[in-house]
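Chemist:
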Amino acid sequence: MTDMAVEGLIIDGARTGASDGGIIDVHDPSTGEMLARVARATKADVDRAVRAARAAMESKAWGAMAPAERGRIMYRMAHAIRDRAEELAVLESRDNGKPLRQARTDVQVSARYFEFFAGVADKIMGHTIPLGPGFLDFTIREPIGVSAQIIPWNYPIQIGSRGVAPALAAGCAVVMKPAEDAPMTALRLGEIALACGLPPGVLNIVPGVGEEAGAALASHKDINQLTFTGSVEVGIAVAKMAAENVVPVVMELGGKSPNIVFADADLDLATQGVSTAIFQNAGQTCSAGSRLLVERKAHDALVEKLVARAKTMKIGPGVSDPDMGPIISKKQLETIEQYVKIGEQEGAKVVTGGKRPTDSGLRGGTYFQPTLLAGVTRGMRVAQEEIFGPVLAIIPFDDLEEAAAIANDSVYGLVAGVWTRDINKALTLAMRIKSGQVYVNTYGAGGGVELPFGGYKKSGYGREKSLESLATYTQIKNVCIKYA
Ligand code: NAD
23 MTDMAVEGLI IDGARTGASD GGIIDVHDPS TGEMLARVAR ATKADVDRAV
73 RAARAAMESK AWGAMAPAER GRIMYRMAHA IRDRAEELAV LESRDNGKPL
123 RQARTDVQVS ARYFEFFAGV ADKIMGHTIP LGPGFLDFTI REPIGVSAQI
173 IPWNYPIQIG SRGVAPALAA GCAVVMKPAE DAPMTALRLG EIALACGLPP
223 GVLNIVPGVG EEAGAALASH KDINQLTFTG SVEVGIAVAK MAAENVVPVV
273 MELGGKSPNI VFADADLDLA TQGVSTAIFQ NAGQTCSAGS RLLVERKAHD
323 ALVEKLVARA KTMKIGPGVS DPDMGPIISK KQLETIEQYV KIGEQEGAKV
373 VTGGKRPTDS GLRGGTYFQP TLLAGVTRGM RVAQEEIFGP VLAIIPFDDL
423 EEAAAIANDS VYGLVAGVWT RDINKALTLA MRIKSGQVYV NTYGAGGGVE
473 LPFGGYKKSG YGREKSLESL ATYTQIKNVC IKYA
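In the working numbering, the protein residues as written are 23 to 506.
And the structure:
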């Protein structure tokens with residue numbers, strides 16, 4: 023398939039090849055077939071993109087645009103994303119492997135980010151501060167400047183929009199580096215922005231390899247802010263790069279989020295919630311509910327229901343809209359397999375799944391069965407480390423105290439779920455759990471654009487989504503006036 027056209031980077035409003043002609047071959051993980059060829063940004067390309075963003079910040083076209091007009095462009099982007107929803111969903115599904123209906127949701131959430139923040143663009147306000155007679159003091163929230171955004175492959179269009187929309191609302195310019203494994207919908211977002219009237223240079227998209235384009239972006243001297251979504255290890259590395267230039271960072275990292283189910287819960291509802299929380303996107307979700315803490319009295323009944331559900335799940339290519347698609351790459355598939363072995367060596371028991379499916383129709387792709395590991399104890403590696411695959415670690419508990427202790431026995435703190443009919447248990451745990459979000463009798467909120475999202479502990483710092491994210495993309499200037 024070497025005659026496949028190469029998709030260019032988007033820099034300063036134009037498509038361009040990489041400075042050294044480098045190309046990334048993008049594969050469909052459902053089949054292993056080549057999906058696209060994309061220019062691979064070099065350090066020089068990243069530098070060009072940052073300079074284009076800087077020039078846009080200083081231009082009249084963007085720098086002096088009325089906030090309401092920024093909002094209008096963003097509303098147009100939301101409409102354009104919805105107009106192209108099916109095409110974008112199919113592309114996301116082929117690029118990442120996720121079931122089509124999950125990709126469709128991702129696209130709607132992406133549109134919703136632009137819609138939500140479009141309405142915010144002309145409502146970013148400062149304060150007046152009472153300093154006493156003879157003074158007028160006020161604050162202005164100015165755009166922070168050039169925002170560098172490094173995103174992962176697991177929810178490209180959602181996570182891309184999550185960072186770009188508030189940045190544009192605030193009046194920033196953006197250089198986004200999508201992940202090498204799934205860069206396609208980020209490029210479409212760049213196209214849509216230009217077609218909707220966003221001035222050239224305001225949103226630049228530079229797919230590339232982490233160590234090359236990612237590192238060049240994170241260490242660039244002329245960025246003003248960095249939003250990083252990915253693993254803890256790379257997060258620490260890029261934060262150090264940004265620190266050299268005193269550039270503030272938002273870190274959206276990993277998780278080992280607990281779903282805590284009490285015996286008094288609606289077990290059918292909990293089964294559905296727990297199962298979706300771990301198997302959505304084949305478990306490749308930062309906020310996956312990858313630990314199930316279940317009250318011992320309900321353990322057997324809940325596990326039975328979860329096994330029954332897992333066994334009926336259809337595995338297949340993303341575009342055939344199965345219940346679960348493939349794992350993003352062979353390397354990630356091997357990591358997951360390795361973790362299942364580690365769990366067994368530690369004394370956990372595979373109650374369903376644990377292997378690659380054997381159907382001949384799935385041979386080209388990188389698939390793994392939905393897997394439940396019972397008999398897990400809190401100190402095991404499978405209870406502590408992020409597997410990033412469809413593997414649920416099941417840990418029994420006897421009372422609320424023990425549930426809280428196990429839930430907090432993690433270096434991570436991204437999301438937690440509590441399933442109970444007792445409001446006192448639910449609220450006590452909501453207050454005690456150290457994580458950025460807590461859900462009661464539900465898990466996730468259909469994208470949760472309106473809700474602050476971010477980590478405690480090693481899950482990161484800073485908040486995305488919601489009005490809270492504006493703090494990331496603005497800086498405060500205080501003006502103090504003395505009058506006679
Ligand atoms: P990753 O850290 O390997 O890669 C993330 C991004 O960083 C990619 O764009 C990659 O190219 C880039 N990168 C890699 N090495 C780099 C380097 N040396 N310098 C600069 N950039 C570099 O993560 P991944 O495997 O793509 O994603 C999985 C991880 O992301 C999981 O840990 C998951 O929990 C986390 N994640 C977190 C959130 C969140 O919102 N908290 C969302 C999605 C994924």
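Where is the CB? At the ideal position from N, CA and C, for every residue including glycine.
#1: With a threshold of 8 angstroms (Cβ to nearest heavy atom), would Trp84 be considered close to ligand 1?
#2: Between the C-alpha atoms of Glu366 and Arg318, what's the straight-line distance to the nearest angstrom?
#3: One question on the structure: do Asn226 and Asp69 come within less than 9 angstroms of each other, judged by their Cβ atoms?
#4: Could you pull out every residue in the same chain whose Cβ sits closer than 8 angstroms to the Cβ of Val341, ignoring the five residues on either side in sequence?
#5: If I'm right that Ile503 touches Leu158 with Cβ under 8 angstroms, what's the distance once you round it to whole angstroms?
#6: What's the C-alpha gap between Ile364 and Ile428?
#7: Hey, which unbroken runs of the beta strand (DSSP E) at 3 residues or more fall wholly within the region 338 to 412?
#8: Expressed to the nearest angstrom, what Euclidean distance is found between the alpha-carbon atoms of Ala27 and Pro344?
#9: Pro229 and Leu31 - do their beta-carbons sit closer together than 9 angstroms?
#10: Does ligand 1 have even one heavy atom less than 8 angstroms from the beta-carbon of Phe390?
#11: Whose C-beta lies closer than 6 angstroms to the C-beta of Pro339 among residues of the same chain, with five residues either side of it excluded?
#12: With H, G and I counted as helix, E and B as strand and the rest as coil, what does DSSP make of Ile455?
#13: Measuring from the CB of Leu489, is there a heavy atom of ligand 1 at a distance below 8 angstroms?
#14: Are the CB atoms of Pro348 and Gly375 within a distance shorter than 9 angstroms?
#15: Would you mind working out which of Asn500, Leu220, Lys278, Asp444 sits nearest Asp431, comparing C-alpha positions?
#16: Tell me which same chain residues have a C-beta within less than 7 angstroms of the C-beta of Met23, skipping the five on either side of it?
#17: Excluding five sequence neighbours on each side, which residues of the same chain lie with their C-beta closer than 7 angstroms to the C-beta of Thr496?
#18: Who pairs with Gln247 in a beta bridge, going by DSSP?
#19: To the nearest angstrom, report how far apart Lys336 and Tyr465 are at their CA atoms.
#20: Ligand 1 and Pro174: does the residue's C-beta get closer than 8 angstroms to at least one heavy atom of that ligand?
Modeler: So, from the data block:
#1: no
#2: 21 angstroms
#3: no
#4: Ser52, Val112, Ser115, Arg116, Leu122
#5: 5 angstroms
#6: 20 angstroms
#7: 371 to 374, 393 to 396
#8: 30 angstroms
#9: yes
#10: no
#11: Ser52
#12: coil
#13: no
#14: no
#15: Lys278
#16: Its pLDDT being 47, under 50, Met23 is placed unreliably in this model, and the value from its coordinates should be taken loosely. Same-chain partners within the cutoff: Met56.
#17: Ile146, Arg163, Glu164, Pro165, Ile166, Ala192
#18: Ser169
#19: 22 angstroms
#20: yes
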